[in-house]
Every structure is written in structure tokens, then in C-alpha cells.
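Keeping their order, the protein sequence lines are chains A and B. Residue numbers for the first sequence, in this note's numbering: 1433 to 1668. Residue numbers for the second sequence, in this note's numbering: 1433 to 1668. Below: one structure, written as C-alpha cells.
Number of protein chains: 2
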Amino acid sequence: MTMTPRSSHSPNSRAGGRPGRRTGISEATVARLPVYLRVLTSLAESGVSTVSSEVLANAAGVGPAKLRKDLSHLGSYGTRGVGYDVEFLVYQISRALGLTQHYSVVIVGVGNLGQALAGYAGFGTRGFRVVGLLDADRARVGSLIAGIEVRHSDELETIISEHDVSIGVIATPAGAAQDVCDRLVGAGVTSVLNFAPVVLSVPDDVDVRKVDLSIELQILAFHEQRKSLVEQEAVG
Amino acid sequence: MTMTPRSSHSPNSRAGGRPGRRTGISEATVARLPVYLRVLTSLAESGVSTVSSEVLANAAGVGPAKLRKDLSHLGSYGTRGVGYDVEFLVYQISRALGLTQHYSVVIVGVGNLGQALAGYAGFGTRGFRVVGLLDADRARVGSLIAGIEVRHSDELETIISEHDVSIGVIATPAGAAQDVCDRLVGAGVTSVLNFAPVVLSVPDDVDVRKVDLSIELQILAFHEQRKSLVEQEAVG
DNA sequence: ACGCGCTTGTGAAGATGTGCACAAAACGGT
DNA sequence: ACCGTTTTGTGCACATCTTCACAAGCGCGT
């Protein structure tokens, strides 16, 4: 066979290699920061100005020690004996996550899922702006979804370079996903959020995150099965 | 305050405590098995009857050693010097995940996302059957989505007990999610897949998995930021 | 029948993530 | 000014996950 035996077997790999060596923030922590951020935002709206690690941790569904360790990676915000200043912490987490910058996003595939994503509140707020809704089906082109006009996939490269898009969301059928991904990457996108049930292959300097409904269901099925096995054993 | 200081701070907790002690399959492995399963199914459809760990691992986007260790937890299927029999492995993984049983699923919330989920192919196949589509909005009740009639949320308990539903999918707005979750759990559901951007609290014997679009985006933003920092440094 | 090349399965080492327990620090009341 | 209470920040031990490296096993050609 002609294919290189050693293609790419790094999991979430990005350019450098080791996670978090530069920033000191580990992958696991990064995955939890958005949760803290949401809880904090909600607290701020409720007029709370200070939280303890215990309260915040409970609201976020983690242990207090983990929370404190996570936050300590950003710096020593927080006052001993008192807690954390909500607004200040919101700002610090936002900054750590890079949400003080603005990112342009294109969504490719305007089926039910694509429409749901386009309308999703989380996209509009917090530094993300959907600058393109693309679909291969000309019947859908021209319609307005969440105030954005659907354009044809042919315009993918144009839109990406016009708006300096760095994040692409793939909500196409499985068959089209790799092609779309290649075009996104070719046009300069460096982060991809993939909803299609396929494993995408990309260069090392591109990040891919996968959201896969059927995988989540299957994981739940595993635990369901385990529960019923335990039940049977308890009976016997 | 009257609330118990120690509420629930276990991460994905289920009844027993330690993960995988009974089955010997670790959480990380379980999360990858569905990926292998999909790749294998696709290979089987292409007429491939045998794969090596290297080929399968590349197709699944993991390293070969990890793949072999994962599979070794299910048993010693696979032949040294040859590889794995595709069909046999499909069966074994399906069995390990509990997909040889059938699960009834209800989807609550029939907005764009709920509709996308209802139509999603992964739900119909592989042991899952959507037996209920529920919405609180009477304007939507009665319409047909993916061949299933939308019923009113009031019927939640009825449908769950009639069909012995064990898995509930929450695709409602954030505000309604915890109430819906409580009702699902109250009616006997033991696994929940949550798409609403809130942290659900449930009894220890109920599994919750969360899918959160805005969290995924924020994680990508973090890596984007890190990339641009590295760039700057390279220039300076 | 035998040896050679290939690929699995796995022990052991290393990396990453988690939880405990306590010292350090800040506030408030006296 | 000081002491007690509260809560952070973190060193350390433990658990989990990943990766390496290689022995054990299998099939094929001779």
C-alpha cells in the first residue's frame, strides 16, 4: 500500500503538541470553564455579586476543590474568607477562553439541525457572529433564517475570505462532510465543529470538535444495560 | 441555610460509584466504542471482512495501541497476524454497548432541534425507537414529524409508562429543562440526554449526558486564541 | 514440519486528571 | 490591635488514561 503508515493519530491535536504548556490551562479545565461562565452570568443577572467556591461548584455540578483548582489556573482572583467577585470572574474567564475577541462563523448545511444552530442563542452572543449560512440545495438558497440569508455552497470560499472566518460548523449529511471540511480548511478555517457522523481528517494545525447524537445515545445505552445487569444480580 | 452542604458532586455518577469495576470497561473506552462501531459497519458495507488495528485505528482517528487496548477489554476477539473479523467485532461491540436490547426514547421539545433529532437517522436504527414527541405548545400538537405525531407534554407520564421508556431527550428551552427532567425521572426514566444549556440535577441512579453547542464553540475559541498567540510570538 | 513475518494482547512507564486536607490570608467583631 | 471564622489556593496522594515496547500466537510458504 502507498499510504503513509503513520498518518495522524493525535486526538484533539493542534500545532504545538502537548496541551496547555504555554497557557498552563489543561484541556479538562478548558472544557469546564464555559460551564462556570454560564452559571456566573446567570448569577450576575440575579444580582449576586460574590460567590463561594462551594456555591458555584454546586451550581456547576462539580466538586468545590476541582472548581478552585480550575480557577487557580487563570490566576489568583478570589478573596480568601470571602469568595469570588462574580463580574470580575466573568471577565477573567471570558478573557482566558478568548471570548474578548470576536469570531466569525459559517454554518454549512441548513437542514433542521443547521436551522436550529442558526437560531441558537449561544451563537449570536459571546463573541461569535454567524456571517454565513450555506447549503448545496438551491431550493433553500435565498430564504431567510434567523435574519440571515442562505447562500449557495459555491460561495463558501468567497464568504470565508471576505469575513475572515476562522470557525466552520458542519451540519451536512455524512456524505458531504469531508468535502465541505476540506473546502473550509482550504479557505483558511482553523477550527471545525462537526455534527455529521463521520471522522474528519484534517491537518495538524486545525482543531476539530465532534458532536454526535447517536454516540451519546449509545453511551447511555451502555449504562442502561449495566443498571439492568446490576438489578438482575441483586435479585438473584 | 437548610440545604445539605454535600449535595451531589460526582461527575457522571451512577449508583455504584467507581466506573467500570463490574464490566471492566472504562468510561473513556465506552465513549470510543460507538466510533469503532460506526467505522466497522461502514467497512462491512464496503465488503471488507477483516481489519488490522492500524487501519481501523486510522479510520477512527485514534492510535492503534489505544484501539487494541480498548478492544481487549471486551475479550480476545481478533487473530494475531491477521486482524479482526469485521462482522464479529460489530456484534461484540454492539453487545458490549447493550445495543442488542431495544430502548424506547421520548423527545421533549419539538423546536428546530427537536425536529432535527426526531429525523436523525441514528435514532431509528441500532436499538433505539422514538415512541414519543412532546411539546408544551398546543399549536404544534397533532402535527407529524418523521412519521410521529406530536403529543402534548401533559401526556409525558402516560407515554413513558405505556412504552416503558428508559431514555429521555430534552430539547426544550433552558427554562423548562429542569422541570421536564424532574417529570421524566419521576415517571421512571433513568437516562437523560440534555441539549438545554443548563446543569440538571438528578438522583444518583440517573445518568445525564449533556450536549452543549455553545460550550463546544467556546472551547474552539480558546484554541483559536492560543493559535493566534503562538503566531504573534513567532513573529516577535 | 518448520521457520519467518505479521499482528494481537498486555505489562509497565509516563502523563493527565481528581480529591483531600491544611496552611495562608482576609474580614468582622470586640 | 487582636482573635476567631471563613474561604481560598495548593502540595500531595491517588485514580484514570495513554503510549510504548515486546512477547505470544497465528498463518503461509517452502
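Positions of the beta carbon are idealized from the N, C-alpha and C atoms, including for glycine.
**Study point:** Whole-angstrom distance between Val1638(A) and Ser1445(A), CA atom to CA atom
**Key:** In the first sequence, counting from the first residue as 1, residue 1445(A) sits at position 13. In the first sequence, counting from the first residue as 1, residue 1638(A) sits at position 206. Interpretation of Ser1445(A) is limited by its pLDDT of 34, a score under 50 that renders its predicted location unreliable; no figure is taken from the coordinates.
Review point. Could you give the residue range of the alpha helix (DSSP H) that holds Gly1607(B)?
Key: Here the question's residue 1607(B) lines up with position 175 in the second sequence. From DSSP, the alpha helix (DSSP H) with Gly1607(B) extends over Ala1606 to Gly1618.
Check your understanding: Straight-line CA distance for Ala1603(B) to Val1612(B)?
Key -> Within the second sequence, numbered from 1, the residue matching residue 1603(B) stands at position 171. Within the second sequence, numbered from 1, the residue matching residue 1612(B) stands at position 180. Cα to Cα, Ala1603(B) sits roughly 10 Å from Val1612(B).
Review point. So what does Leu1566(B) bridge to, in DSSP terms?
Key: For this step, residue 1566(B) is matched to residue 134 along the second sequence. Answer is Val1540(B) and Arg1583(B).
Exercise for review: Mind checking which residues open and close the alpha helix (DSSP H) that includes Asp1502(B)?
Suggested key: Here residue 1502(B) corresponds to residue number 70 of the second sequence, with the count starting at 1. From DSSP, the alpha helix (DSSP H) with Asp1502(B) extends over Pro1496 to Ser1504.
**Study point:** Opening and closing residue of the beta strand (DSSP E) in which Val1624(B) lies
**Key:** By 1-based counting over the second sequence, the position of residue 1624(B) is 192. Taken as a continuous stretch (DSSP letters only), the beta strand (DSSP E) holding Val1624(B) covers Ser1623 to Asn1626.
**Study point:** Counted within 10 angstroms of its Cβ, other Cβ atoms place Arg1558(A) as buried (16 or more) or exposed
**Key:** Translated into positions along the first sequence, residue 1558(A) becomes position 126. Under this definition Arg1558(A) is a buried residue.
Check your understanding: Do you know how far the Cα of Tyr1509(A) is from the Cα of Val1518(A)?
Key -> Here residue 1518(A) refers to the residue found at position 86 of the first sequence. Here residue 1509(A) refers to the residue found at position 77 of the first sequence. In a straight line, the C-alpha of Val1518(A) is about 10 Å away from that of Tyr1509(A).
Review point. Going by beta carbon distance, what residues of the same chain come within less than 7 Å of Gly1543(B), once the five residues before and after it are set aside?
Key: Sequence index remark: in the second sequence, residue 1543(B) carries index 111 (1-based). If we look at Gly1543(B) and ignore the five residues flanking it on each side, its Cβ neighbours are Ala1603.
Review point. Shorter than 8 Å from the beta carbon of Ile1580(A) to some beta carbon of chain B?
Key: In the first sequence, residue 1580(A) corresponds to position 148, counting from 1. Not closer than 8 Å to any Cβ of chain B, the Cβ of Ile1580(A) fails to qualify, so no.
Check your understanding: Where does the unbroken alpha helix (DSSP H) through Gln1573(B) begin, and where does it stop?
Key -> Taking the first residue of the second sequence as 1, we reach residue 1573(B) at position 141. The sequence given here places Val at residue 1573(B); Gln does not occur at that position. Careful: Val1573(B) lies outside any alpha helix (DSSP H) and carries neither H nor E.
Check your understanding: So, using beta-carbon positions, are Val1471(B) and Ala1492(B) closer together than 8 Å?
Key -> Taking the first residue of the second sequence as 1, we reach residue 1471(B) at position 39. Taking the first residue of the second sequence as 1, we reach residue 1492(B) at position 60. Yes.
**Study point:** DSSP three-state assignment for Arg1464(B), whether helix, strand or coil
**Key:** In the second sequence, residue 1464(B) corresponds to position 32, counting from 1. Arg1464(B) falls in the helix class under three-state DSSP.
Practice item. Please look up how many angstroms separate the CB atoms of Leu1588(A) and Ala1528(A), rounded, as I've assumed it's under 8 Å. Key: Mapped onto the first sequence, residue 1588(A) falls at position 156. Mapped onto the first sequence, residue 1528(A) falls at position 96. That pair is no contact at about 31 Å.
Review point. With DSSP run on the structure shown, which of helix, strand or coil describes Arg1512(B)?
Key: As a first step, residue 1512(B) is located in the second sequence; it is residue number 80 there, counting from the start. Of the three classes helix, strand and coil, the one that applies to Arg1512(B) here is coil, per DSSP.
Practice item. Could you pull out every residue in the same chain whose Cβ sits closer than 7 Å to the Cβ of Arg1453(B), ignoring the five residues on either side in sequence? Key: For the purposes of this step, residue 1453(B) is taken as the residue at position 21 of the second sequence. Reliability of the predicted coordinates at Arg1453(B) is poor, the pLDDT of 38 falling under 50, and the value obtained from them is presented with this limitation in mind. The answer is none, since no qualifying residue turns up.
Review point. Does the beta-carbon of Ser1526(A) have 16 or more other beta-carbons within 10 angstroms, so that it is buried, or is it exposed?
Key: Working through the first sequence from its first residue, we reach residue 1526(A) at position 94. Result: buried.
Check your understanding: With a cut-off of 8 Å, does the C-beta of Lys1659(A) fall near any C-beta of chain B?
Key -> Here residue 1659(A) is taken as the residue at index 227 of the first sequence, counted from 1. By this cut-off, Lys1659(A) is an interface position.
Check your understanding: Do you know how far the Cα of Ala1619(A) is from the Cα of Ile1592(B)?
Key -> To locate residue 1592(B), count along the second sequence from 1; it is residue 160. To locate residue 1619(A), count along the first sequence from 1; it is residue 187. Spanning the two alpha carbons is a distance of roughly 48 Å.
Point to revise | Contacts around Val1522(B), its chain only, beta-carbon distance under 7 Å, and the 5 residues preceding and following it disregarded | key: Numbered from 1 along the second sequence, position 90 holds the residue referred to as residue 1522(B). Closer than 7 Å at Cβ, skipping near neighbours: Leu1469, Leu1472, Thr1473 and Ala1476.
Review point. Quick one: which chain B residues come within Cβ less than 9 Å of Gln1533(A)?
Key: Against the first sequence, residue 1533(A) aligns to sequence position 101. Ala1653, Glu1656, Gln1657 and Ser1660, listed in chain order.
Check your understanding: Around the C-beta of Glu1648(A), are 16 or more other C-beta atoms found within 10 angstroms, so that it is buried, or is it exposed?
Key -> One-based indexing of the first sequence puts residue 1648(A) at position 216. Answer is buried; the Cβ neighbour count reaches 16.
Point to revise | Burial state of Leu1576(B) (16 or more Cβ within 10 Å) | key: Translated into positions along the second sequence, residue 1576(B) becomes position 144. Exposed, by the Cβ-count rule.
Practice item. Answer with buried or exposed for Ala1609(B), where buried requires no fewer than 16 other C-beta atoms within 10 angstroms of its C-beta. Key: The sequence position of residue 1609(B) within the second sequence is 177, counting from 1. By the neighbour-count rule (16 or more Cβ atoms within 10 Å), Ala1609(B) is buried.
Review point. Is there a Cβ from chain B that is less than 8 Å from the Cβ of Val1467(A)?
Key: The residue you call residue 1467(A) lines up with position 35 of the first sequence. Chain B, which has a Cβ nearer than 8 Å to the Cβ of Val1467(A), makes this yes.
Check your understanding: Between the segment 1588-1604 of chain B and chain A, which residues of the former have CB atoms less than 9 Å from a CB of the latter, in chain order?
Key -> Ser1598, Ile1599, Val1601 and Ala1603
Point to revise | Delimiting residues of the alpha helix (DSSP H) encompassing Arg1527(B) | key: For this step, residue 1527(B) is matched to residue 95 along the second sequence. Segment Val1518 to Leu1529, the alpha helix (DSSP H) holding Arg1527(B).
**Study point:** Three-state class that DSSP yields for Ile1457(A) in the structure shown
**Key:** Counting from one through the first sequence, the residue named residue 1457(A) turns up at place 25. Coil.
Check your understanding: In whole angstroms, what is the alpha-carbon distance linking Phe1520(A) and Glu1656(B)?
Key -> Residue mapping note: residue 1520(A) aligns to position 88 of the first sequence, counting from 1. Residue mapping note: residue 1656(B) aligns to position 224 of the second sequence, counting from 1. Those two C-alpha atoms are separated by around 23 Å.
Check your understanding: Nearest CA to the CA of Gly1646(A): which residue from Val1630(B), Phe1654(B), Ile1599(B) and Val1634(B)?
Key -> As a first step, residue 1646(A) is located in the first sequence; it is residue number 214 there, counting from the start. Going by the sequence as given, residue 1646(A) is Ser instead of Gly. Minimum Cα distance to Ser1646(A) is reached at Ile1599(B).
Review point. Name the chain B residues that come within less than 7 Å of Leu1565(A), Cβ to Cβ?
Key: The residue you call residue 1565(A) lines up with position 133 of the first sequence. Simply none; closest approach about 13 Å.
**Study point:** Exposure label - Gly1456(A); buried when at least 16 CB within 10 Å
**Key:** Within the first sequence, numbered from 1, the residue matching residue 1456(A) stands at position 24. So Gly1456(A) counts as exposed.
Practice item. Find out if the Cβ-Cβ distance for the pair Gly1551(B), Ala1578(B) is shorter than 8 Å. Key: Here residue 1551(B) corresponds to residue number 119 of the second sequence, with the count starting at 1. Here residue 1578(B) corresponds to residue number 146 of the second sequence, with the count starting at 1. Contact: yes.
Review point. Residues of chain B with CB under 7 Å from Arg1641(A), in chain order?
Key: Your numbering for residue 1641(A) matches position 209 in the first sequence. Neighbours of Arg1641(A) on chain B, chain order: Glu1648, Ile1651 and Leu1652.
**Study point:** Close-in-space but distant-in-sequence residues of the same chain around Val1467(B) (CB under 7 Å, 5 per side omitted)
**Key:** Position 35 of the second sequence, counting from 1, holds the residue named residue 1467(B). Contacts found: Ala1492.
**Study point:** Same chain, Cβ closer than 8 Å to Val1624(A), five either side skipped, listed in chain order
**Key:** Translated into positions along the first sequence, residue 1624(A) becomes position 192. Only Ile1599, Gly1600, Val1601, Ile1602, Cys1613, Leu1616, Val1617, Leu1632, Val1634, Val1638, Asp1639, Val1640 and Arg1641 meet the Cβ criterion.
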